[in-house]
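Visitor:
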Amino acid sequence: MRKYVGYLFVILITGSIIGQVTVQGSYAMAMDDSNPYEEFWKILYREAELVVKVENGNISAIQELIENSRKGEENAANISSLTWTSLKELESSGVKMYYTEEELRKMAEDIAENGLPEDTVRALKEQGWSDQEIKALEDYIAKNKDNITGDFNMSEFLMNFSRAFVKVGFKYAEYESWALEKWKWEGKANFTGSLPSNEGLNPFLINELSDVRLAYSTNNMKGLLKAINELSSKMYEIFKYEMVEYSSLPSRFGQLKNRGYVTFYKGGFVVITTRNIRYFPNYTEEVTEYYWPTALKAYNLTRQIYVIVKAISMGNGDQELRKMLKDKMEELREALVVYINKYERKPWRDLILLRSSPVTRGRLIISKEVVIDEATPDEVKYRIKITMEAHNNDVRDIEIEVDDTTSGSSDKGSVDYLTMGESKTWFSKQFSIKPSDTTVKIEGKIKITYTPVCGDIPQRSGQSLDECTEPRTISDEYSKVIEVTDSIDPSKVTFNIIASKKKIREGDSVDFYIEVTNDNNIKIEGKYLLEVSVPQGRSSTPYPKKFHGNVSVDPGSTKTIKVATVSYSKSGTYSYSGSFSFGQGYSKTDSGEIVVARRDTGTTGSLKIAGLTYIPKNPREGEFISFIVNVTNSYSSSQKAKVILYIDKEKIGEASGEVGVNSWSTFKLKWKAKGGKHYYRVVIYRVNGDAEEYEDGETGELEVASLDQQFAVSLDVFPAELEGGGRVFFTVGLRNFDYNAIPVRGFVVDEDGAIIKNIEDRIPAKGVKNITFSYLVYGVGNHTFKLFLDNYDGEANGKGEEHWSKATIEVKPVGDVVASMSCYPTTVPLDSSTTCTVSFELKSPATVTLNLEEVDFGGKRVWPEGPSSVIVKEKTITLTPTNMQDDLTITITINDELANYYFGERPWLSTGSYKDRLVGYSYLVKAEFNESITITDAITVSSGDSSTIEDLETAVKVTGVGVSALEEVASHAGQLEIVASGMLGKVARVGSKFLGFVGS
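In the working numbering, the protein residues as written are 554 to 1553.
#1: Which of helix, strand or coil does DSSP assign to Lys-1099?
#2: What is the DSSP secondary structure of Ser-1495, counted as helix, strand or coil?
#3: What does the alpha-carbon distance come out to for the pair Pro-1420 and Ser-613?
#4: Take every Cβ of the segment 1049-1056, pair it with every Cβ of the segment 1133-1150, and state whether three or more of those distances are shorter than 8 Å.
#5: From Ser-683 to Ile-664, what distance separates their C-alpha atoms?
#6: Counting only the same chain and skipping the five closest in sequence on each side, list residues whose C-beta sits under 7 Å from that of Gly-1079.
#7: Cβ atoms of Ile-1324 and Ile-1312: under 8 Å apart, would you say?
#8: Less than 8 Å between the beta carbons of Ile-1486 and Val-1321, yes or no?
#9: Counting along the chain, where does the beta strand (DSSP E) carrying Thr-1429 start and finish?
#10: Given a cut-off of 8 Å on the beta-carbon distance, is the pair Ser-1267 and Gly-1253 in contact?
#11: Beta-carbon within less than 6 Å of Tyr-1233's beta-carbon, same chain only, minus the 5 sequence neighbours each way: which residues are those?
#12: Report, in whole angstroms, the separation of the C-beta atoms of Leu-814 and Val-891, which I expect to be a contact under 8 Å.
#13: Return the CA-CA distance between Leu-1198 and Val-604, expressed in angstroms with no decimal places.
#14: Where Val-824 and Ser-1386 are concerned, what is the direct C-alpha to C-alpha distance, given to the nearest angstrom?
#15: Output needed for Tyr-1031: all residues of its chain with C-beta closer than 7 Å, excluding positions within five of it in sequence on either side, in chain order.
#16: Would you call the segment 1212-1230 in contact with the segment 1183-1190, where contact means no fewer than 3 C-beta pairs closer than 8 Å?
#17: Is Lys-934 near Ser-981, with beta carbons less than 8 Å apart?
#18: Roughly how many angstroms separate the alpha carbons of Ala-1360 and Pro-1024, rounded to a whole number?
#19: Would you mind giving the Cβ-Cβ distance between Ala-1318 and Asn-1350, rounded to the nearest angstrom? I have them listed as a contact below 8 Å.
#20: Which of helix, strand or coil does DSSP assign to Asp-1409?
#21: Would you tell me roughly how many angstroms separate the C-alpha atoms of Gly-647 and Asn-706, rounded to the nearest one?
#22: From Asn-611 to Phe-1283, what distance separates their C-alpha atoms?
#23: Between Asp-1346 and Phe-1300, what straight-line distance do the alpha-carbon atoms span, to the nearest angstrom?
#24: What three-state label does DSSP hand Gln-1262 in the structure shown?
#25: Per DSSP, what kind of secondary structure is Thr-771 in: helix, strand or coil?
#26: Does Val-1046 come out as helix, strand or coil in the three-state DSSP assignment?
#27: Alpha carbon to alpha carbon, how far is Leu-754 from Arg-886? Give it in angstroms, no decimals.
#28: So, are the CB atoms of Leu-1441 and Ile-1430 less than 8 Å apart?
#29: Starting from the N-terminal side, write out each stretch of the beta strand (DSSP E) that is 3 residues or longer and does not extend beyond the segment 1068-1094.
#30: Hey, quick one: how far does the beta strand (DSSP E) through Trp-1224 stretch, first residue to last?
#31: Quick one: what does DSSP say Glu-727 is sitting in, helix, strand or coil?
#32: Do the segment 666-680 and the segment 738-755 touch if we need at least three Cβ pairs shorter than 8 Å?
#33: In whole angstroms, what is the alpha-carbon distance linking Ser-1189 and Lys-1161?
#34: What are the boundary residues of the beta strand (DSSP E) that Trp-594 is part of?
#35: In angstroms with no decimal places, state the Cα-to-Cα distance between Gly-1228 and Asp-1261.
#36: Report the CB separation of Arg-1315 from Ala-1258 in whole angstroms; it is logged as a contact under 8 Å.
The structure is reproduced here in structure tokens:
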């Protein structure tokens, strides 16, 4: 299908349309390695896929949709400019540009009688057309030659076609804004207040706006392109991070970066709130609110202006674009107006603190230790352990540097934040040396910088703010002498922490023991440390209790010591960890968790995690990862929920909000990614007055790409849980961090090592790609599948950059009933049906009644409420000792009624049939019965016609991006197929058929 469009521009734009003139300049542009017309279809199809994903609730696709839309904007501006340039070259080359109806008919008759011109045939074959395809095109022209009506002006057509692609760029800008709205504004409340009377331009964008206006006023298109992109990026950052940064405070205190926070309201409305402290003559908090009703509109306008300016800067000299630019600039200025409300307040607590409290500055206290991992005459391996604790107040931005003199190596690390009383242990990478003597001295230097936090306590008169917040430096040294003749083998020592119970209820206690096993032939002595997190009053943040002591273990024996009994007064998940140090700096560690459930208080219901994802997928070190948590409420009243995110057992942040009755709310938490594998945990508390009760939790792991990685991979599976087995869908996620495309090769294997999917593909430069496939999984238990990919030979042999990922599927038993579903046909053409047969069998004699409760199609419930295109026969099945097998059927017809119900009203296409949008995708059919029985199968929807033109119709139908361009094509149906040797007319007729313009 792409060769059709590629050839359309080669023939039409280069002037070889009637075999008279070839305009070499345009031809070179059209056939460049980065062919914009080829890219148009790639971007178009990806946009279609992503729009559907986002609309169906796939939040992780939003970021990629925004990036793809920006590629579409660039591409549309490029094609618009190429079309304009080609028009001017055609006009100057002497090519005939105007055809009467009579001339068109004669040309069609000549083609019908003699075939296509030789130049046209040659060009088609160069594009990869077969003789059979060329003959079909000639037959098409001959068949439709009598349908030609009216004259044709190619100059006018190309002019309008160039403008139409600017509108295509606007459409991509619309999708980009729509994706941003789904991300940040979805589910937000309406703004119900009144706007202040004081108004002005958004002060947080004033610098970027000034650059835009200066470039525009001086007609500097390149400067304007850069400036409008920077303005758009600044808006995007405000929406993405939900905050603004600005310089504040009186000059006598110097300039500090303050933050304002963003609140979203439905309809693209935001409110930015800033708070500044004025210390003299009286302590006062100044609050300023900036009401911005047209925030999302302003962002959309910056992207539209970008498309116009990009086209102009690439050589499009159409004066109509200048007029469009002028109008859009005026609209943008109006959209950047904010309404300002200022007020002051004097908090009593802060006034009291001002009079009575001195400044309390955070202080970091450290201890260090050399931990020996291995000490033999051949090699000594060791790490540096640094324990940090915040005293007096919080500390932040901790940077650790270790310079190991003995090995000549170094390492770095960081900790974002420590609250007062919180401690954190950091281990360096493993250093190693080859000892030259039986005695080895290990030594090195430590440098730690951090910034103290002074809290919200105001500064006393005359005290410098810089004195409070400037970074502090700790310099220290470490040294340890070891004997490499030590006969203790650390690998023969094990250390475990034993908890008497790991799942308890509020008020219960847990006994903790440490167990040390020594398989060496000599006695070992050492010290143990146990740290247990326990509830802390009304706070949701637990605090650590520490226990320590000495232990000696005889050779070949195990010693168990009861260390402590700990009571848990509140529900939640509480961690414990410990270590055993022995010999010449050897250390063993262990850890675990205690889950404390609420006691029944008579209140029925729960808060549950209904969905947990993070974006971007395949994150890179330094990026901000957003964890998106959907929480449902089955209580009989609205509930306040607190959601807390932990990464590697360290609390990262929390978010609170109301969850309506039998409804759900979305919570977002952010983390600045660090390279490597990490474990995350999200927990939910129900806030009831001052009490916080544990409700639910979910854990997972993620891999963060390091800065030196070229690409990253991931393997995801849906559904991750099955009852009895069934079909699952794998997604291989690929992300390229490099500025060049990367070829990747590899495979996916099952738990037995058998290859179930071979992969060979390319990841576009600085881009992403997803590969999906389905697979049938059976057998109760966990099934782990592994993905391997490299950029070399597709084999796990250490050559090239290699990456692994894995996904696990749990197949659960279904009690006494074995259930399965089989849909036939599995590939369903439009306006045809598939019948899904649900079969049941009893494993042992019994009487079981099964009621069908729900049918889902592609993730959407379609029965019992839904379109009549879903028909269920015999919704109830009764199995008995004399009737141990039975089945029922579900028939699904792929028609407009199903599609209209499935998609609903869409923002990108208001005319035509929706059923075409279903084409080319696989859909999960799910049937839910009582007795907790859920079964699935999958079908694929096809167009019923594999021709290239039908594929083209489907592509444009799904996304609607090309509507503007094809509308212009369709308006000349019956003319262009002759002028462009039939090619463009063929596209036009398809376009007119499904867009409702003209033609048959």
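We treat Cβ as the ideally placed atom computed from N, Cα and C, and that holds for glycine.
Just so we're clear, the structure is a prediction, and the values are computed from it rather than from any experiment.
Guide: The structure says:
#1: Here the question's residue 1099 lines up with position 546 in the sequence shown. Note: Lys-1099 maps to strand in three-state DSSP.
#2: In the sequence shown, the residue the question calls residue 1495 occupies position 942. The answer is strand: DSSP assigns Ser-1495 an E or B state.
#3: Residue 1420 sits at position 867 when you count from the first residue of the sequence shown. Residue 613 sits at position 60 when you count from the first residue of the sequence shown. Roughly 29 Å between the two C-alpha positions.
#4: Yes: the two stretches touch, three or more of their Cβ pairs being nearer than 8 Å.
#5: What you label residue 683 is simply residue 130 of the sequence shown in a count that begins at 1. What you label residue 664 is simply residue 111 of the sequence shown in a count that begins at 1. Going by the C-alpha atoms only, they are around 18 Å apart.
#6: One-based indexing of the sequence shown puts residue 1079 at position 526. The beta carbon of Gly-1079 lies closer than 7 Å to those of Val-1104, Phe-1133, Ser-1134, Phe-1135 in the same chain, with the five residues before and after it left out.
#7: As a first step, residue 1312 is located in the sequence shown; it is residue number 759 there, counting from the start. As a first step, residue 1324 is located in the sequence shown; it is residue number 771 there, counting from the start. In terms of Cβ geometry, Ile-1312 and Ile-1324 form a close pair [threshold 8 Å].
#8: Residue mapping note: residue 1486 aligns to position 933 of the sequence shown, counting from 1. Residue mapping note: residue 1321 aligns to position 768 of the sequence shown, counting from 1. Not a contact, by the Cβ cut-off of 8 Å.
#9: Taking the sequence shown and counting its residues from 1, one reaches residue 1429 at position 876. If you look at Thr-1429, you'll find it in the beta strand (DSSP E) that goes 1429-1432.
#10: Position 714 of the sequence shown holds residue 1267. Position 700 of the sequence shown holds residue 1253. No. Outside cutoff.
#11: Here residue 1233 is taken as the residue at index 680 of the sequence shown, counted from 1. Cβ neighbours of Tyr-1233 beyond the five flanking positions: Ile-1200, Gly-1253.
#12: Indexing the sequence shown from 1 puts residue 814 at position 261. Indexing the sequence shown from 1 puts residue 891 at position 338. Note that residue 814 is Tyr in the sequence shown, not Leu. With 8 Å as the limit, Tyr-814 and Val-891 do not qualify as a contact, their Cβ atoms being about 15 Å apart.
#13: Looking up residue 1198 in the sequence shown gives position 645. Looking up residue 604 in the sequence shown gives position 51. Leu-1198 and Val-604 have their C-alpha atoms some 29 Å from each other.
#14: Within the sequence shown, the letter at position 271 stands for residue 824. Within the sequence shown, the letter at position 833 stands for residue 1386. Looking at the two C-alpha atoms, the distance is approximately 50 Å.
#15: Your numbering for residue 1031 matches position 478 in the sequence shown. Excluding sequence neighbours, Tyr-1031 sits near Lys-921, Val-923, Ile-937, Glu-996, Gly-997, Ile-999.
#16: Yes, the segment 1212-1230 touches the segment 1183-1190.
#17: Within the sequence shown, the letter at position 381 stands for residue 934. Within the sequence shown, the letter at position 428 stands for residue 981. No. Outside cutoff.
#18: In the sequence shown, residue 1360 corresponds to position 807, counting from 1. In the sequence shown, residue 1024 corresponds to position 471, counting from 1. About 43 Å.
#19: For this step, residue 1318 is matched to residue 765 along the sequence shown. For this step, residue 1350 is matched to residue 797 along the sequence shown. Under the criterion of beta carbons closer than 8 Å, Ala-1318 and Asn-1350 do not qualify as touching, at roughly 26 Å.
#20: Taking the sequence shown and counting its residues from 1, the one referred to as residue 1409 is at position 856. Under the three-state reduction of DSSP, Asp-1409 is assigned to strand.
#21: Translated into positions along the sequence shown, residue 647 becomes position 94. Translated into positions along the sequence shown, residue 706 becomes position 153. Those two C-alpha atoms are separated by around 14 Å.
#22: As a working note, residue 611 is residue 58 in the sequence shown. As a working note, residue 1283 is residue 730 in the sequence shown. The alpha-carbon atoms of Asn-611 and Phe-1283 are separated by roughly 15 Å.
#23: One-based indexing of the sequence shown puts residue 1346 at position 793. One-based indexing of the sequence shown puts residue 1300 at position 747. Distance between Asp-1346 and Phe-1300, taken at the CA atoms: about 11 Å.
#24: Sequence index remark: in the sequence shown, residue 1262 carries index 709 (1-based). Three-state DSSP puts Gln-1262 in coil, outside helix and strand.
#25: Looking up residue 771 in the sequence shown gives position 218. Three-state result, Thr-771: coil.
#26: The residue you call residue 1046 lines up with position 493 of the sequence shown. Strand, per DSSP.
#27: As a working mapping, residue 886 is identified with position 333 in the sequence shown. As a working mapping, residue 754 is identified with position 201 in the sequence shown. C-alpha separation (whole angstroms): 8 Å.
#28: Within the sequence shown, numbered from 1, the residue matching residue 1441 stands at position 888. Within the sequence shown, numbered from 1, the residue matching residue 1430 stands at position 877. The answer is yes: Cβ separation under 8 Å.
#29: You should have 1077-1089.
#30: Locating residue 1224 in the sequence shown gives position 671, counting from the first residue. According to the DSSP assignment, Trp-1224 belongs to the beta strand (DSSP E) that extends over 1217-1225.
#31: Locating residue 727 in the sequence shown gives position 174, counting from the first residue. Looking at Glu-727 - three-state DSSP - the assignment turns out to be helix.
#32: The segment 666-680 vs the segment 738-755: no contact.
#33: The residue you call residue 1189 lines up with position 636 of the sequence shown. The residue you call residue 1161 lines up with position 608 of the sequence shown. The alpha-carbon atoms of Ser-1189 and Lys-1161 are separated by roughly 14 Å.
#34: On the sequence shown, position 41 is the one that residue 594 refers to. DSSP places Trp-594 in no beta strand (DSSP E) but in the uninterrupted alpha helix (DSSP H) bounded by 589-608.
#35: To locate residue 1228, count along the sequence shown from 1; it is residue 675. To locate residue 1261, count along the sequence shown from 1; it is residue 708. One alpha carbon belongs to Gly-1228, the other to Asp-1261, and they sit about 10 Å apart.
#36: Position 762 of the sequence shown holds residue 1315. Position 705 of the sequence shown holds residue 1258. No, Arg-1315 and Ala-1258 are not in contact; Cβ-Cβ is about 18 Å, not under 8 Å.
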